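Numbering (the UniProt record's numbering), first residue to last: 1 to 458.
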């Protein structure tokens, strides 16, 4: 795509015979030709029109060319990941069991893939080229299948790529690593003691305690109705998830699940996302979580900017709602709401007419509408690449493993407290032993042997 400056649009408004939307789509030279033709047909010109024409003659129409794209999307509609004890619909109620992509989810990603094809037709070949696109997914059935059907929408086979006239599909590789080794797309990332410490601190924060207090009675009601042993602020999302999935698939919900109950569950579900990456010490949480993915994305974008004639045009990550939230939290563009199925965050790298590069972000949370721009705080929509990197640097980890360690100050405090407790216990033990010994000695000195009458001690 080439984005024109507002000059063409202004000129079209001045020359009334030319539709503004038509001129906006034209290239700089072609736009001027159209304007000259319009000038020739116009019977009279105002001073403003003549001045505008002069400006056009000396102004180079600015162009920006899209050169690279990174896409991060959530899987499509699925069955619930689990049920609650009193749920009338257990795993057998779902065709493929828990956590699986539904046909509705397949349709969502087919549509998204078609939309991506339409949006990036200037960037990608009409036929699949393995050098142009790289796709990585988490190792879950629903994300792998979402990526596959998305690619079916992006790359319907043409010409020699049709291997069977009865099959309108072609295989395209989707890469993944085992779940326990995924340190890029699965969030919250495990194996980070510092993050766990931050979460413990978050649970003690005023915001968290106030929410817990506000919904205490509601959580008790949910616990009683569902049969869960512990419905708390962080686990109740699963109740909403189960009921939402059942609702989307036209299953009858229990009588206690009123619109008000679903609304409150939705609030708590969204709050659980906020807690994971925000609420308390957000920047540090983001460094340890979404900043990891953002770091990889900025590296890929930067590499594309400095590599001439790079064949790779698009990187796709097929993942989860927590992935999108972690990433958007690090970018400070998270709305606070759970991403919808097949929602899609796009990073687009542009080459400006002066040779510099800019990054624009767009978000697709409904494939039936156009994506809307996401603007990095402190920058503009088409953010200069250098500025984009500078503004995101605070949430990019330098050494993730090192930063995940509990700070030495905390360790020292724990050691000191531990030693103090041990010292106190030792003192108490010594005191008890001394007390016992003293009593034994006193008892020994106060004892005298009473001899039998008539005993001779001479």
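Each residue gets a CB set at the ideal place from its N, CA and C atoms; glycine is no exception. Since we're looking at a predicted model, the values are computed, not measured.
{"Asked": "Per-residue burial, residue 86 [other beta carbons within 10 Å of its own, 16 or more giving buried]", "Found": "exposed"}
{"Asked": "Per-residue DSSP class, three states only, for residue 364", "Found": "strand"}
{"Asked": "Residue 344, DSSP secondary structure in three states", "Found": "strand"}
{"Asked": "Pair within 8 Å by beta-carbon distance, residue 80 and residue 344", "Found": "no"}
{"Asked": "Limits of the beta strand (DSSP E) - the one that residue 78 falls within", "Found": "Unbroken run through residue 78: none, as it is neither H nor E."}
{"Asked": "Sufficient close CB pairs (3 or more, under 8 Å) joining the region 218-238 to the region 256-265", "Found": "yes"}
{"Asked": "Helix, strand or coil at residue 351 according to DSSP, with G and I counted as helix", "Found": "strand"}
{"Asked": "Assigned secondary structure, residue 302 (DSSP; H/G/I helix, E/B strand, else coil)", "Found": "helix"}
{"Asked": "Residue 172 versus 178, 137, 380, residue with shortest Cα-Cα distance", "Found": "137"}
{"Asked": "Between the CA atoms of residue 389 and residue 311 - distance to the nearest angstrom", "Found": "23 Å"}
{"Asked": "Straight-line Cα distance separating residue 127 from residue 160", "Found": "9 Å"}
{"Asked": "In DSSP terms, what residue 203 is bridged to", "Found": "In DSSP, residue 203 forms no bridge with anything."}
{"Asked": "Residue 58 burial status per 10 Å Cβ neighbour count (16 or more: buried)", "Found": "Its pLDDT being 40, under 50, residue 58 is placed unreliably by the model, and the measurement read from it follows with that caveat. Looking at its Cβ environment, which holds fewer than 16 other Cβ atoms inside 10 Å, residue 58 is exposed."}
{"Asked": "Coarse secondary structure for residue 275, derived from DSSP in three states", "Found": "helix"}
{"Asked": "Three-state secondary structure (DSSP) of residue 240", "Found": "helix"}
{"Asked": "Inside the region 90-166 only - beta strand (DSSP E) runs reaching at least 3 residues", "Found": "133-137"}
{"Asked": "Backbone CA spacing between residue 170 and residue 155 [nearest angstrom]", "Found": "8 Å"}
{"Asked": "Own chain partners of residue 178 with C-beta closer than 8 Å, once the 5 adjacent residues on each side are dropped", "Found": "139"}
{"Asked": "Cutoff 7 Å; reference residue 84; Cβ partners in own chain excluding five residues on either side", "Found": "226, 227, 228, 239, 242"}
{"Asked": "Where residue 213 falls: helix, strand or coil (DSSP)", "Found": "helix"}
{"Asked": "Those residues which DSSP pairs with residue 175 across a bridge", "Found": "136"}
{"Asked": "Short Cβ contact (8 Å threshold) for residue 346 with residue 69", "Found": "yes"}
{"Asked": "Three-state class that DSSP yields for residue 70 in the structure shown", "Found": "strand"}
{"Asked": "Nearest to residue 301 (by Cα), restricted to the options 109, 130, 97, 351", "Found": "351"}
{"Asked": "Beta-carbon separation (whole angstroms), residue 294 vs residue 331, contact threshold 8 Å", "Found": "7 Å"}
{"Asked": "Supposed contact pair residue 273 and residue 338 - C-beta distance, whole angstroms, cut 8 Å", "Found": "6 Å"}
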